[in-house]
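Enquirer:
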Amino acid sequence: MQSTLKTTQRPTPMPTPKRTLGARLRSGQALVIGLPYAWLLVFFLLPFLIVMKISVSEMDVAHFQDLFTWSDGVLQLRLKLSNYLFITEDDLYFKTYLNSLKYAAITTLLCLLVGYPFSYYMARAGKALQPALVMLVMLPFWTSFLLRVYAWKGLLSEGGWVAGWLSALGVEPLLVQLGLIPAQGQLMNTPFSLVLGMVYTYLPFMVLPLFANLSKMDLRLLEAAADLGASPWSAFWRITVPLSVSGIVAGSMLVFIPCVGEFVIPELLGGPSTLMIGRVLWDEFFSNNDWPMASSVAVVMILLIIVPLAWFNQVQAKAQEGAQ
Amino acid sequence: MSRLTTAGLMTRLSRLLSLAWLAGGYLFLYLPIAALVLYSFSASELPNTWGGFTLKWYAALGHDQELLDGLALSLKIAFATAWGSVLIGTAAAWALVKHPRFRGRTLFSGMVNAPLVMPEVIVGLSLLLMLVSMQRWLGFPERGALTIWLGHLLLGLAYATVVLQARLKGLNPQLEEAAMDLGARPGEVFFLVTLPGLAPSLVSAWLLTFTISLDDVVLSAFLSGPGSTTLPLAIFSRARLGLSPDINAVATVIISVVASGVVLASYLIARRERRLAAEIAAAQHA
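Chains as they are written, first to last, in my numbering: chain W, 14 to 337; chain B, 181 to 466.
(1) Can you check the stretch 191-274 of chain W for any alpha helix (DSSP H) of at least 4 residues that lies completely inside it and give the ranges in chain order?
(2) Hey, quick one: how far does the alpha helix (DSSP H) through B/N428 stretch, first residue to last?
(3) Can at least three beta-carbon pairs, one atom from the stretch 168-184 of chain W and one from the stretch 127-138 of chain W, be found at a separation below 8 Å?
(4) Can you give the Cα-Cα distance for W/K229 and W/R251, rounded to whole angstroms?
(5) Per DSSP, what kind of secondary structure is B/F288 in: helix, strand or coil?
(6) Hey, how far is the Cα of W/M65 from the Cα of W/L94?
(7) Note down the Cα distance separating W/A332 from W/L53, rounded to an integer number of angstroms.
(8) Among W/L188, W/S265 and W/P321, whose alpha-carbon lies nearest the alpha-carbon of W/I119?
(9) Checking 8 Å against the spacing of the C-beta atoms, do W/V277 and W/L159 come in under that value?
(10) Does the beta carbon of W/A307 sit closer than 8 Å to a beta carbon anywhere in chain B?
(11) Whole angstroms is fine: what's the gap from W/L62's alpha carbon to B/S306's?
(12) Measure the C-alpha to C-alpha separation of B/P299 and B/L189 and round it to an integer number of angstroms.
(13) Report the neighbours of B/P353 on chain W: residues whose CB is nearer than 9 Å to its CB, in chain order.
(14) Is B/F259 helix, strand or coil by DSSP?
(15) For W/F276, which of helix, strand or coil comes out of DSSP?
(16) Please classify B/A461: is it buried, with 16 or more other beta-carbons within 10 angstroms of its beta-carbon, or exposed?
(17) Can you tell me whether W/S257 is buried or exposed? The criterion is at least 16 other CB atoms within 10 Å of its CB, across all chains shown.
(18) Against W/R161, what residues of chain B qualify as contacts under a CB-to-CB distance less than 7 Å, listed in chain order?
(19) Excluding the 5 residues preceding and the 5 following W/V312 in the sequence, name in chain order all residues of the same chain whose CB lies nearer than 7 Å to its CB.
(20) DSSP has B/F233 in a bridge; who is on the other side?
(21) Check the Cβ-Cβ distances between W/A311 and every residue of chain B, and say whether any is below 8 Å.
(22) Less than 7 Å between C-beta atoms, sequence neighbours within five positions excluded: which residues of the same chain meet that for B/G231?
(23) Anything in chain B within Cβ reach of W/W304, meaning under 8 Å, just list it in chain order.
(24) If we define contact as Cβ-Cβ less than 8 Å, is W/K331 a contact residue for chain B?
(25) Nearest by alpha-carbon distance to W/G47: which of B/W274, B/Y447 and B/K236 is it?
(26) Taking buried to mean at least 16 other C-beta atoms within 10 Å of its own C-beta, is B/F402 buried or exposed?
(27) Can you find the residues in the same chain that come closer than 6 Å, C-beta to C-beta, to B/L388, ignoring five residues on each side of it along the sequence?
(28) Return the CA-CA distance between W/M14 and W/A243, expressed in angstroms with no decimal places.
(29) Which two residues bound the contiguous alpha helix (DSSP H) that contains W/E171?
(30) So the candidates are W/T109, W/L317 and W/Y50; which of them puts its Cα closest to the Cα of W/P285?
(31) Kindly give me the distance between the Cβ atoms of W/A145 and W/V273, rounded to whole angstroms, as I take these residues to be in contact under 8 Å.
(32) Let me know the alpha helix (DSSP H) ranges lying completely inside the stretch 98-138 of chain W, each 4 residues or longer, listed in chain order.
(33) Can the beta-carbon of B/M310 be found closer than 8 Å to that of W/L59?
(34) Mapping DSSP to helix, strand and coil, what is W/N96?
(35) By alpha-carbon positions, which one of W/L105, W/V55 and W/V150 ends up nearest to W/L216?
(36) So does the stretch 368-388 of chain B actually touch the stretch 240-254 of chain B, counting three or more Cβ pairs closer than 8 Å?
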């Protein structure tokens, strides 16, 4: 490295290398910011505006119609709000949105209950062990999500390992009592299998930000608390938990928001009683070919997640600024 | 005396609990993978009952044209996605880290982060509807590999930027300043100092976006056209119908290739990092 730098040294060093660098970079920098910016505007933001437009368009035989049409020299605007009226009036849509929010909330809560102690113990394990522990959480996350969800079908259906263990442990009556499964021996295509699959899939998304947060904590704070007479339990609740709030928020949003619109997991592991909104959108689009309706469903879904989404963006931005 | 033993007992209990929790968590994460791999060698037609050892499902894969075509297409798209995401992601990460203030920065960082959590059905639907409108005006693009790639790139860009941004922020700015003081041109600073420092994250961002693309179902379903069935789409349509043992064999192949690739890459990265750290330390002491 050093020799490379020496060879590039010029005979007369520039008096103010930094400012010259800035000037030189300015033209290149515009491209560095402009390219990804333009890309995202065209392929991320513009599509949402188009969806909003189509959600109020009428559908003719094969295509949605333009909002503005010229006829007899007059610009006509057709707005069709009936899709939105339908969503608010129809019971099915309302219940499905509610269902999606409910399962996303349950999944987030369970991920937090399982994931917080998990990341806590990871962060308190030996420093030499930690990279391996993180790697072990990342590895399933790298290997096909679709196939891992599919695997639960085998584990939970008749003759599967987990189905066998659960009935041996005698927890099935409890699951029936909780209304998670309709009857003993029926684990698949129930709220139980759906929630299990979602917790399984999204657990790493909860664990990784929490671990990143907890492993950075200054342990001397806990020592100080102990010196001042706090029990480990109260030190945990009054120091560790408050300090990890940003990790909790980041993890929860990473789980909650995508869960609301999840499609693959309910499709493979859910059942008739667990209809979620991702499936409704999918059916409107692929089975009914009703693109405006699918767009309206999407717009309402965006409205439901916009607050958590804004929160998530703020936490991300703050974390990114903070490290600077 | 008795208080001391209670305290000792408590520590032992809490250590036991932490071990049990970690072990249980990892068991939960790896159980489905273990089941997939094990039953891919089972001769039984039911993929969750053991019927003796066999390799017939693997042999059948070689003749399964749908899966082979899907695999070829998926690999092609994943390759293009990984390169595209890393290239644009580097620019985006650079913009976010080195330029704390520019017009529209909040919108920019929001657009970079949103695809990480945005439900894929929304992203897929909206991108498709835009591409369809575009096709009505301009006559292209046809739905197919290109449109799938555009969708995957959106997802990959978000992940690549997050990974690269973290690394870029952690790089010691003094190295770049030293290079500039020694007279290196901006391009030289970037290619000789910044890029080598970024390299480990470039590799992991590349691998991550590659696997994300290789695995994606929802975006591909929206953006694919006739004749462009990716491997996950083929697997998904079979998995919806029920359990089938040939999926277990595909799964085992994919999982072992990806897992060994990732483990190997992270081993090499870790070794390189250690060497680099040692070199920097040596240079500082010299």
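All C-beta atoms in this analysis are idealised placements derived from N, C-alpha and C, irrespective of residue type, glycine included.
Expert: A quick look at the data gives this:
(1) 204-227, 233-240, 245-248 and 258-273
(2) Counting from 1 along the second sequence, the entry for residue 428 of chain B is found at position 248. Run containing B/N428: P425 to H465, per the alpha helix (DSSP H) assignment.
(3) no
(4) What you label residue 229 of chain W is simply residue 216 of the first sequence in a count that begins at 1. What you label residue 251 of chain W is simply residue 238 of the first sequence in a count that begins at 1. Taking the straight line joining both Cα atoms gives about 17 Å.
(5) As a position in the second sequence, residue 288 of chain B is number 108, starting the count at 1. B/F288 falls in the helix class under three-state DSSP.
(6) Your numbering for residue 65 of chain W matches position 52 in the first sequence. Your numbering for residue 94 of chain W matches position 81 in the first sequence. Rounded to the nearest angstrom, the two C-alpha atoms are 11 Å apart.
(7) On the first sequence, position 319 is the one that residue 332 of chain W refers to. On the first sequence, position 40 is the one that residue 53 of chain W refers to. When rounded, the distance between both Cα atoms is 22 Å.
(8) Position 106 of the first sequence, counted from the first residue, corresponds to residue 119 of chain W. For the residues W/L188, W/S265 and W/P321, the minimum Cα distance to W/I119 belongs to W/S265.
(9) On the first sequence, position 264 is the one that residue 277 of chain W refers to. On the first sequence, position 146 is the one that residue 159 of chain W refers to. Their beta carbons are under 8 Å apart, which means W/V277 touches W/L159 by this criterion.
(10) If you number the first sequence from 1, residue 307 of chain W lands on position 294. True, the Cβ-Cβ gap to chain B drops below 8 Å.
(11) Taking the first residue of the first sequence as position 1, residue 62 of chain W is located at position 49. Taking the first residue of the second sequence as position 1, residue 306 of chain B is located at position 126. When rounded, the distance between both Cα atoms is 8 Å.
(12) The count along the second sequence starts at 1 and reaches residue 299 of chain B at position 119. The count along the second sequence starts at 1 and reaches residue 189 of chain B at position 9. Taking the straight line joining both Cα atoms gives about 47 Å.
(13) Taking the first residue of the second sequence as position 1, residue 353 of chain B is located at position 173. Those do not exist, as B/P353 stays about 11 Å from chain W at its closest Cβ, beyond 9 Å.
(14) Residue mapping note: residue 259 of chain B aligns to position 79 of the second sequence, counting from 1. DSSP places B/F259 in helix when its eight states are reduced to three.
(15) As a first step, residue 276 of chain W must be located in the first sequence, where it is residue number 263. The three-state secondary structure of W/F276, taken from DSSP, is coil.
(16) Position 281 of the second sequence, counted from the start, is the residue given in the question as residue 461 of chain B. The residue in question, B/A461, is exposed, as its Cβ has fewer than 16 Cβ neighbours within 10 Å.
(17) Here residue 257 of chain W corresponds to residue number 244 of the first sequence, with the count starting at 1. Answer is buried; the Cβ neighbour count reaches 16.
(18) If you number the first sequence from 1, residue 161 of chain W lands on position 148. By Cβ distance, chain B contributes P212 and I213.
(19) Counting from one through the first sequence, the residue named residue 312 of chain W turns up at place 299. Excluding sequence neighbours, W/V312 sits near V64, M65 and S68.
(20) Counting from one through the second sequence, the residue named residue 233 of chain B turns up at place 53. In the DSSP output, where bridge partners are listed per residue, B/F233 has B/S222.
(21) Locating residue 311 of chain W in the first sequence gives position 298, where the first residue counts as 1. For W/A311, the nearest beta carbon of chain B is closer than 8 Å to its own beta carbon.
(22) Here the question's residue 231 of chain B lines up with position 51 in the second sequence. Same-chain partners within the cutoff: S222, A223 and S224.
(23) Residue numbering aside, residue 304 of chain W sits at position 291 when the first sequence is read from its first letter. Those within 8 Å of W/W304 in chain B are L309.
(24) Here residue 331 of chain W is taken as the residue at index 318 of the first sequence, counted from 1. W/K331 does not count as touching chain B.
(25) Here residue 47 of chain W is taken as the residue at index 34 of the first sequence, counted from 1. Here the closest residue by C-alpha is B/W274.
(26) The count along the second sequence starts at 1 and reaches residue 402 of chain B at position 222. Counting every other CB atom within 10 Å of its CB across the protein chains shown gives B/F402 a total of 16 or more, marking it as buried.
(27) For the purposes of this step, residue 388 of chain B is identified with residue 208 of the second sequence, where counting begins at 1. Here the set comprises Y339.
(28) The residue given as residue 14 of chain W occupies position 1 in the first sequence. The residue given as residue 243 of chain W occupies position 230 in the first sequence. In this prediction, W/M14 scores a pLDDT of 39, lower than 50, which makes its location untrustworthy; the coordinate-derived value is nonetheless stated afterwards. Cα to Cα, W/M14 sits roughly 52 Å from W/A243.
(29) Along the first sequence, read from residue 1 onward, the residue named residue 171 of chain W stands at position 158. Premise fails: W/E171 is in no alpha helix (DSSP H) and is neither H nor E.
(30) Taking the first residue of the first sequence as 1, we reach residue 285 of chain W at position 272. Closest by alpha carbon: W/T109.
(31) Start at 1 with the first residue of the first sequence, and residue 145 of chain W comes out as number 132. Start at 1 with the first residue of the first sequence, and residue 273 of chain W comes out as number 260. 34 Å between Cβ atoms; not a contact.
(32) 104-137
(33) Mapped onto the second sequence, residue 310 of chain B falls at position 130. Mapped onto the first sequence, residue 59 of chain W falls at position 46. Yes, Cβ-Cβ distance for B/M310 and W/L59 is below 8 Å.
(34) The sequence position of residue 96 of chain W within the first sequence is 83, counting from 1. Helix at W/N96.
(35) As a position in the first sequence, residue 216 of chain W is number 203, starting the count at 1. Closest by alpha carbon: W/V150.
(36) no
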